[in-house]
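S.K.: When we follow the numbering used here, the leftmost residue of the sequence shown carries the number 1, and every step to the right adds one.
We put the CB at the ideal spot given by N, CA and C, even for glycine.
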Amino acid sequence: MLKLCYTQPQHDYTITSADILNILGIKTVIALDARHQHARQNSTSPPKEASKPIDLRSQLSDTSPPPSPAPAPQPTPKRSLRPYIYATLFFMIGVTAGQYVRLILAPPPLPPAGTKEDDIMITYLQNQASKLPIVQSLSSDPNWVHHDAYTSLPNHERSHRLTTGPLAGARAIGGYQRIFYNTESGETVSVIWFGGAIAGWPGVTHGGVTATLMDESLGRCAIRQFPGRTGVTANLELNYLKPVVTNSFYVIRAVPELGATERKCWVSARLETLEGVVCVEAKALFVVPKKYATRKIEGAF
């Protein structure tokens with residue numbers, strides 16, 4: 001026990017530890033006790049681990065709704081072949097149309113008449129013409145006689161005539177022209193090749209060439225009706241119905257009209273396709289001149 005002595009002149013006080021505790025009160029006891037416990041813990045118990053901070057994310061994950069699942073990847077659509085097919089189709093059409101237009105507007109040069117290349121073309125055209133149904137039919141019919149045009153014309157005269165001079169050769173009207181004559185009716189049928197060099201408009205035969213051929217075909221029919229086997233054109237009427245395209249076979253049918261005399265004969269004719277489509281109609285009057293003599297036309301003219 002702790003004793004404290006305090007002496008004053010008239011009083012003598014003695015203070016013990018119990019009195020001190022009573023004075024300081026319970027707070028001192030608690031403080032001393034806390035100090036005592038702290039010293040005991042440091043001397044006997046291992047230090048406790050520091051408390052970890054609270055993870056707010058874990059609490060939020062417990063309360064927030066689960067995230068929506070990621071969308072499934074969309075399948076890659078297959079490319080359609082239709083655009084490529086259309087592109088190829090239109091390309092081929094364009095190329096074909098372009099080549100056709102080029103051949104019509106700017107055809108390759110044709111060989112002149114009398115050349116080796118022209119002879120090859122004429123041989124080819126004659127071979128193709130022999131396969132035509134109208135040629136085969138009329139050639140086998142005994143009522144029809146036939147010959148090639150201008151065969152009776154002398155060679156020295158051919159260059160001075162329009163149809164055997166400038167229009168000679170396969171590039172014009174010299175590739176194939178066969179004449180059929182019916183000995184009973186007087187009708188004539190001409191199968192003619194229209195070459196590529198006689199075009200007025202690209203791909204269309206010049207109207208003047210068509211008129212020349214119609215005049216010659218009408219004249220062949222009319223002259224056979226005259227006893228003198230001669231005559232000239234007095235009147236010629238033409239009616240163009242459809243274009244006559246080049247590089248094609250055509251048929252000209254000429255028929256003498258009733259009422260022919262020794263000096264006058266009307267003849268009508270039609271220029272047709274091989275399928276019978278009429279392209280040109282014609283009518284002509286042929287006469288035998290009185291005041292001057294014309295040459296007699298004989299043989300295969």
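How is Pro-243 classed by DSSP in three states: helix, strand or coil?
M.R.: Coil.
S.K.: How many angstroms separate the CA atom of Gln-99 from the CA atom of Ile-93?
M.R.: Computed Cα separation, rounded: 10 angstroms.
S.K.: Where does the unbroken beta strand (DSSP E) through Lys-291 begin, and where does it stop?
M.R.: From DSSP, Lys-291 is part of no beta strand (DSSP E); its letter is neither H nor E.
S.K.: Since Val-277 is in the beta strand (DSSP E), which residue starts that stretch and which ends it?
M.R.: No beta strand (DSSP E) contains Val-277, which DSSP labels as neither H nor E.
S.K.: Taking 8 angstroms as the cut-off, does the segment 192 to 211 touch the segment 246 to 260 (at least 3 CB pairs, one atom from each stretch)?
M.R.: Touching, per the Cβ criterion.
S.K.: Pro-227 CB to nearest chain B CB: under 7 angstroms?
M.R.: Absent from the structure: chain B. Only one protein chain is present.
S.K.: Relative to the alpha-carbon of Gly-276, which residue among Val-189, Arg-220, Gly-259 has its alpha-carbon at the smallest distance?
M.R.: It is Val-189.
S.K.: On the three-state DSSP scale, how would you describe Ile-173?
M.R.: Ile-173: coil per DSSP, three-state reduction.
S.K.: Report the three-state DSSP secondary structure of Ala-129 (helix, strand or coil).
M.R.: Of the three classes helix, strand and coil, the one that applies to Ala-129 here is helix, per DSSP.
S.K.: Give the DSSP-derived three-state secondary structure of Ala-199 in the structure shown.
M.R.: The answer is strand: DSSP assigns Ala-199 an E or B state.
S.K.: Which one or two residues does DSSP pair with Val-251 in a beta bridge?
M.R.: Answer is Val-191, Glu-272, bridged to Val-251.
S.K.: Could you check if Asp-118 is buried or exposed, using at least 16 other CB atoms within 10 Å of its CB as the buried criterion?
M.R.: Result: buried.
S.K.: Check Gln-8 in the structure and name its three-state DSSP category.
M.R.: In this prediction, Gln-8 has a pLDDT of 49, which is less than 50 and means its spatial position is unreliable; nothing more can be read from the coordinates.
S.K.: Between which two residues does the alpha helix (DSSP H) carrying His-146 extend?
M.R.: Note, His-146: premise wrong, no alpha helix (DSSP H); beta strand (DSSP E) at 144 to 148.
S.K.: Rounded to the nearest angstrom, what separates Tyr-86 and Thr-76 at their Cα positions?
M.R.: The straight-line gap from Cα to Cα measures roughly 23 angstroms.
S.K.: Only counting the same chain, and skipping five residues up and downstream in sequence, which positions put a Cβ closer than 7 angstroms to that of Thr-151?
M.R.: Ala-300.
S.K.: For Gly-219, count neighbouring Cβ atoms within 10 angstroms of its own Cβ and tell me buried if that reaches 16, exposed if not.
M.R.: Burial call: buried.
S.K.: Kindly confirm or deny that the segment 118 to 131 and the segment 155 to 163 touch, where touching means at least three C-beta pairs closer than 8 angstroms.
M.R.: Result no; under three Cβ-Cβ pairs closer than 8 angstroms.
S.K.: Are there 16 or more other CB atoms within 10 angstroms of the CB of Phe-180, so buried, or fewer, so exposed?
M.R.: Phe-180 should be labelled buried.
S.K.: Out of Pro-111, Met-214, Thr-273, point me to the one whose CA is closest to Ala-172's CA.
M.R.: Taking only the C-alpha atoms, the option nearest Ala-172 is Pro-111.
S.K.: Under the rule that 16 or more other beta-carbon atoms within 10 Å means buried, what is Tyr-84, buried or exposed?
M.R.: Classification for Tyr-84: exposed.
S.K.: Measuring CB to CB, does Ile-120 end up less than 7 angstroms from Gly-175?
M.R.: No, Cβ-Cβ distance for Ile-120 and Gly-175 is not below 7 angstroms.
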